[in-house]
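The structure appears below as structure tokens.
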Amino acid sequence: MGEMGQLEALSYLPTDVQLMVLDYVGLYPDILALCLTSKSWNLIATKVLYKNIVLDIRTRNGQLSLFRQCLEVGAFRHLEYARNLSLLDVPIFECNKILPNKAPWIHGERDALLLQILQSFPSNKLITFRYLSQLDLDPSIINLLQKQQQSIVDFQLSHGNFQQLVTPMTRRVTAGVCGDGQKTFGLVELAQTLPRLEKFALLLPKELDVFLLEDYWSRCSYSTLFQNKQIVSRELMFDGYLPGGFVSAIPHIFNLSHITRLSLYADNFWYWKPLFSSPELRNLTHFDFHSPDSFDVRKSMDFEDLFTQNQNLQHLSLHMRFLKTVPLEPLLADDGSTMSSYIWPLCPRLKSLSLFDLWSVEKRVSYFPSMASLDAICDELGALEQFGLRVAEIGGCLLADAHDRQKYVLGQLKPIGKLKNLKMLHLYQDRLRIIDPDQPRRNVAAETQQLATMLFQWAHVLCPDLEVLVWGRFTETLDKDVYSLLEDQLEREGSLATNENVERVPQQYYVKQVTRLQGGATHVTAIPFSRRRIQNEFPDLDLLACDTSLGTLDRISRDIVY
1 MGEMGQLEAL
11 SYLPTDVQLM
21 VLDYVGLYPD
31 ILALCLTSKS
41 WNLIATKVLY
51 KNIVLDIRTR
61 NGQLSLFRQC
71 LEVGAFRHLE
81 YARNLSLLDV
91 PIFECNKILP
101 NKAPWIHGER
111 DALLLQILQS
121 FPSNKLITFR
131 YLSQLDLDPS
141 IINLLQKQQQ
151 SIVDFQLSHG
161 NFQQLVTPMT
171 RRVTAGVCGD
181 GQKTFGLVEL
191 AQTLPRLEKF
201 ALLLPKELDV
211 FLLEDYWSRC
221 SYSTLFQNKQ
231 IVSRELMFDG
241 YLPGGFVSAI
251 PHIFNLSHIT
261 RLSLYADNFW
271 YWKPLFSSPE
281 LRNLTHFDFH
291 SPDSFDVRKS
301 MDFEDLFTQN
311 QNLQHLSLHM
321 RFLKTVPLEP
331 LLADDGSTMS
341 SYIWPLCPRL
351 KSLSLFDLWS
361 VEKRVSYFPS
371 MASLDAICDE
381 LGALEQFGLR
391 VAEIGGCLLA
401 DAHDRQKYVL
411 GQLKPIGKLK
421 NLKMLHLYQD
431 RLRIIDPDQP
441 RRNVAAETQQ
451 LATMLFQWAH
461 VLCPDLEVLV
471 WGRFTETLDK
481 DVYSLLEDQL
491 EREGSLATNE
501 NVERVPQQYY
511 VKQVTRLQGG
521 ATHVTAIPFS
531 RRRIQNEFPD
541 LDLLACDTSL
551 GTLDRISRDI
561 VY
């Protein structure tokens, strides 16, 4: 029986149980399909669909126009269920890759249609509003939201005057800076009007005039601007190139002692060094630093100071180039003493660790952590529950038999058998492989599932709590080793779409299933899961958020759609 048939068989369930079932369907396109194809589930699925509305607004003959047509024929009455509205102008919908070219918007047409649709919403229904685009959200739309949807407590606005949406109800803010007029980023208004936030995230696009911002923040008087009123937020995130003048102002703008999660997606490490040494930044439980900057011993010492100062830190995500240049295993100093690693201050309490050397994307033979470093991690970080890393698949060789690859990967992962509390493992493997075109095409998903089963079977006694394996990263990357093998074809065609030497390996999710057999024996297998279902069934495992193999807006959209 197919999935739709299984749902039809469950249609007799009480409404509250049906809602629980739909929580596990998860993906917005699947809920939409259920509304259109199942009469018995239509009513309850429609409520779920309109509670969380997600629209791809990129083209004039796409979802936005269809949604308007639905409202015109009576669907407007379902807007009473609306609580979350996401407008996505980013190419995150993978299914759209197979559709024909779509018509672009005529100037002003999209904003007029958005305004018309938003006017149909009952007042003060929306709790969350998201607009992710490289284009500004029209002021008339922001004015409408400000007047009619004062119930919004969580908004993500990549381009537009977000200050207008701030109210005493606001709890979560993701704001993009999009013009010279936002030199202060709206931070003054926030400091003066807002109570404590749960999250504040600031996005700075590459095209922003950072020199203007640098000049402004280097010369301004913090005491005059903020009058001793700081922004208080439990989570703080910065994404993009922030000028040093602004980074220096952060301790004056934000109350650092209240921050428990600090996430930085930045270019220049040295701008952030003064922040790391601030005595107020001492209550972190989560720290994420993702940067194309190069790692070295001096930077590791600054991180070590930050880790030592934050005794409650339990989650570390560190993605930089050349992480492999600073070993994680203890080393012998010239005087005969032992030098410990920069992450050892976290040893007794670290529960989640994500390490990714970005150089391995550029050069496939570069892997981190090394076997010695991995062995040291598994010896010292006994409390670790989530672990993200990249392992060698076949000693740097691009052509490999599936059996040989599985055997090699499992050999690389042997040290994790010492992590008795491990619950989730994420392997940041490539999504492209070079294969022999003369050999029969392989079932990639079946091969990965077989490897996952072998891993779960081997680890079942050693790491009994290990239940989740994620293979691969979310988006495709093309490292230099692959490029060198395909260079001639890429120069001719500029695409990998039809290359018979390339095998695509999508990101895959597996959960351990244990079956009790007669006689007391157990049978361990790996069953495929969706990203959303893992998030629903394992809410405490948040390692998936550390996969930043895509841009800022795409990353935010991924968490909405998938």
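First residue of the sequence shown: 1, per the UniProt record's numbering; consecutive thereafter.
Yeah, the Cβ is synthetic: ideal placement off N, Cα and C, and Gly gets one too.
The structure displayed is predicted, hence computed values, not measured ones.
{"Item": "PHE276 beta carbon less than 8 Å from that of LEU318", "Value": "no"}
{"Item": "Sub-8 Å separation of LYS125 and SER86 beta-carbons", "Value": "no"}
{"Item": "Coil, strand or helix - GLU460 by DSSP", "Value": "The displayed chain sequence assigns His, not Glu, to residue 460. Helix at HIS460."}
{"Item": "Local Cβ density within 10 Å of TRP270, reported as buried at 16 or more and exposed below that", "Value": "exposed"}
{"Item": "Buried versus exposed call for ARG110 [16 or more other C-beta atoms within 10 Å across all chains shown]", "Value": "buried"}
{"Item": "For ILE560, three-class secondary structure by DSSP", "Value": "helix"}
{"Item": "Distance, ALA526 Cα to GLY417 Cα", "Value": "18 Å"}
{"Item": "Secondary structure, alpha helix (DSSP H): runs of 4+ residues fully inside the segment 207-249", "Value": "210-219 and 222-226"}
{"Item": "Span of the alpha helix (DSSP H), counted from its first residue to its last, around residue 585", "Value": "No answer is possible for residue 585: it lies beyond the span of the chain, which begins at 1 and ends at 562."}
{"Item": "Residue environment, VAL73, which counts as buried when at least 16 other CB atoms sit within 10 Å", "Value": "exposed"}
{"Item": "Where the alpha helix (DSSP H) through LYS407 begins and ends", "Value": "402-412"}
{"Item": "Runs of beta strand (DSSP E) lying entirely within the segment 505-548, each at least 3 residues, in chain order", "Value": "508-516 and 522-529"}
{"Item": "When SER257, SER300, ASP267 and ALA266 are compared against LEU281, the one with the closest alpha-carbon", "Value": "SER257"}
{"Item": "Residue range of the unbroken beta strand (DSSP E) whose run includes ILE141", "Value": "No beta strand (DSSP E) contains ILE141, which is instead part of the alpha helix (DSSP H) from 139-148."}
{"Item": "GLU189 versus GLN230: straight-line alpha-carbon distance, rounded", "Value": "11 Å"}
{"Item": "Close-in-space but distant-in-sequence residues of the same chain around TYR428 (CB under 6 Å, 5 per side omitted)", "Value": "PHE356, ARG390 and ARG473"}
{"Item": "Neighbour-count burial assignment, LEU284, 16 or more Cβ in a 10 Å radius", "Value": "buried"}
{"Item": "Of the residues ARG321, SER65, LEU544 and GLU198, the one placed nearest LEU358, counting alpha carbons only", "Value": "ARG321"}
{"Item": "Backbone CA spacing between GLY551 and PRO348 [nearest angstrom]", "Value": "34 Å"}
{"Item": "Cβ contact check for the segment 196-211 and the segment 219-226: 3 or more pairs under 8 Å", "Value": "no"}
{"Item": "Proximity below 8 Å, CB of SER300 to CB of TYR342", "Value": "yes"}
{"Item": "Separation of GLY176 from LEU132, as counted between CA atoms", "Value": "9 Å"}
{"Item": "Segment limits, alpha helix (DSSP H) that includes THR475", "Value": "That residue, THR475, is in no alpha helix (DSSP H); it is neither H nor E in DSSP."}
{"Item": "DSSP three-state assignment for VAL361, whether helix, strand or coil", "Value": "helix"}
{"Item": "C-alpha distance - ALA82 paired with SER557, whole-angstrom precision", "Value": "19 Å"}
{"Item": "CA nearest to the CA of CYS378, picked from GLU235, PRO330 and SER248", "Value": "PRO330"}
{"Item": "Cα-Cα separation, LYS414 to ALA459", "Value": "9 Å"}
{"Item": "Between the CA atoms of GLN63 and GLN535 - distance to the nearest angstrom", "Value": "26 Å"}
{"Item": "Where LEU99 falls: helix, strand or coil (DSSP)", "Value": "In this prediction, LEU99 scores a pLDDT of 47, lower than 50, which makes its location untrustworthy; the coordinate-derived value is nonetheless stated afterwards. Three-state result, LEU99: coil."}
{"Item": "For GLU503, the residue or residues it bridges with in DSSP", "Value": "ARG433"}
{"Item": "Beta-carbon proximity list for TYR265, same chain, < 6 Å, skipping 5 on both sides", "Value": "ASP239 and HIS290"}
{"Item": "Alpha carbon of ILE127 to alpha carbon of LEU79, nearest angstrom", "Value": "13 Å"}
{"Item": "Reference ASP215; option with closest CA among PHE246, LEU187, ASN255 and PRO139", "Value": "PHE246"}
{"Item": "Counted within 10 angstroms of its Cβ, other Cβ atoms place SER218 as buried (16 or more) or exposed", "Value": "exposed"}
{"Item": "Reduced DSSP secondary structure (H/G/I, E/B, other) of TYR342", "Value": "coil"}
{"Item": "Residue closest to THR46, alpha-carbon to alpha-carbon, out of SER248, LYS147, CYS70 and SER65", "Value": "CYS70"}
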